[in-house]
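Asker:
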Amino acid sequence: MATKKATGENFKPQETATQTIDAALKAGKESVDVLMKEGTEAAAKGFEQAVSMSREAAGNAARQFDDASAVSKAGIEATVASNDAWLSGIEKLSSYATKATQDLMNEGIQASQAILGAKNPQEAAQLQAEYFQKGWSRILDESTKIGELSVQATNGMFGPINNQIGAVMDRWTKNAA
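First residue of the sequence shown? That's 243 in this note's numbering, and the numbers climb one at a time after it.
1) So, using beta-carbon positions, are Trp328 and Gly408 closer together than 8 Å?
2) How many Å lie between Lys361 and Ser336 at the Cα?
3) In three-state DSSP terms, what is Ala360?
4) Where Pro402 and Ala342 are concerned, what is the direct C-alpha to C-alpha distance, given to the nearest angstrom?
5) Do the CB positions of Leu358 and Gln256 come within less than 8 Å of each other?
6) Once you ignore the five residues that flank Asp345 on each side, which residues in its own chain have a CB closer than 7 Å to its CB?
7) Within a Cβ cutoff of 7 Å, which residues of the same chain sit near Val410, ignoring the five residues on either side of it in sequence?
8) Determine, using beta carbons only, whether Gln406 and Gly317 come nearer to each other than 8 Å.
9) Measuring straight from C-alpha to C-alpha, what distance separates Lys387 and Ala418?
In structure tokens form, the structure reads like this:
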């Protein structure tokens, strides 16, 4: 049986498929990067407006009532601190999610290239199974980390508000006595 020698023409469909996959994955990665950046910027702008409006409302109340001024100011500071903590947490979460997504996409590209370069269908199936197992484990790990970052952001957001509520309750208790 004569062995047919491989030529460059035999590999063109594989190269074309690899290029197509690479281009699609690159486009997807760029889309995710743009969406994550725009989402973070929109959230930051919205919170800056909310903080600005909160400070303005507090300024008006402070001029009307001296005692309410101290409570309002502290409440607004707690709100600002809460918003800052939440925004910081969202930024960390967004940055982490963006990095994780980029890493997963890069790993997917590498796995696709390895699978397309397999010598036989069995090797391709083995590479695909390995990629799936690693990917599943990675997704679980990333989900856990994102959950932890979400809890940290939530706790950071509620901390200043809870402290302020406690201070107001203490003040009312002392004034009532």
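We put the CB at the ideal spot given by N, CA and C, even for glycine. Just so you know, these numbers come straight off a predicted model, no measurement behind them.
Answerer: In this structure, then:
1) no
2) 40 Å
3) coil
4) 30 Å
5) yes
6) none
7) Val313
8) yes
9) 46 Å
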